[in-house]
Amino acid sequence: MSDKREDYISWDEYFMAVAKLAGMRSKDPNSQVGCCIVSADNKILSMGYNGFPRGCSDDSFPWARENPDPLKTKYVYVTHSELNAILNYRGGSLEGSKLYVSLFPCNECAKAIIQAGIRTVIYDDDKYDKTPSVMASKMMFQAAGVEFRHYKRSNRKLVITV
Ligand SMILES: [Zn+2]
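Position 124 (the sequence shown) corresponds to 124 in UniProt numbering; numbering is contiguous.
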């Protein structure tokens, strides 16, 4: 009879929690998205969050959503969590891996996910599901054979004191 702990976290809880933890690094005042890429045998390969490219300071580039001058909005500069996680990986191929993300990927990240060979997307929030961007993502995932499934929240509270 084993006396192992029974309340350990599941793989899904673990990787979604890591994705959300990565999102807490974001400097974006309105949106914090995190991503965690995992091998088919459950090893963490990479993580990412939404931010500006290396060298583009959070103190000098804008985080604004609206401005008559598009160069004064975040959209032209920000790199999404999924693309950051893909580009952060320097260990070789992501072929056959799984991607956990706190928000359904936009169409630009969907293209990168497909081209990187990621085969499964596990997402939490899908609040932009009626937008052309997310609708395009789903069409591309289906065409490319990338499986996507909604993360089933356990609603377990994980408390970590740092
Ligand atoms: Zn994106």
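C-beta: ideal position from N, C-alpha, C; glycine also.
Inset, instruction - Answer with buried or exposed for H150, where buried requires no fewer than 16 other C-beta atoms within 10 angstroms of its C-beta. - result: exposed
Inset, instruction - Compute the minimum distance between the beta carbon of C36 and the heavy atoms of ligand 1, and state whether it is under 6 Å. - result: no
Legend entry - Ordered list of alpha helix (DSSP H) runs contained in the UniProt domain "CMP/dCMP-type deaminase" (10-148), each at least 4 residues: 11-23, 81-88, 107-116, 132-144
Legend entry - Proximity of S20 and G34 at Cβ, strictly below 7 Å: According to the sequence provided, residue 20 is Lys. The question's Ser does not apply to it. The answer is yes: Cβ separation under 7 Å.
Inset, instruction - Please state if the CB of A116 and the CB of S137 are separated by a distance shorter than 7 Å. - result: no
Legend entry - Residue of S2, L94, I113 minimising C-alpha distance to L45: L94
Legend entry - Alpha-carbon spacing of G23 relative to D3, whole angstroms: 35 Å
Legend entry - Cβ-based neighbour list, P53, same chain, cut-off 7 Å, excluding 5 preceding and 5 following: T79
Inset, instruction - Give a yes or no on whether the C-beta atoms belonging to Y123 and V101 are separated by under 7 Å. - result: yes
Legend entry - Buried or exposed by the 16-neighbour rule on C-beta atoms within 10 Å, applied to D81: It should be pointed out that residue 81 corresponds to Ser in this sequence rather than to Asp. It counts as buried.
Inset, instruction - Determine the burial state of M1: buried for a count of at least 16 other Cβ atoms within 10 Å of its Cβ, exposed for fewer. - result: exposed
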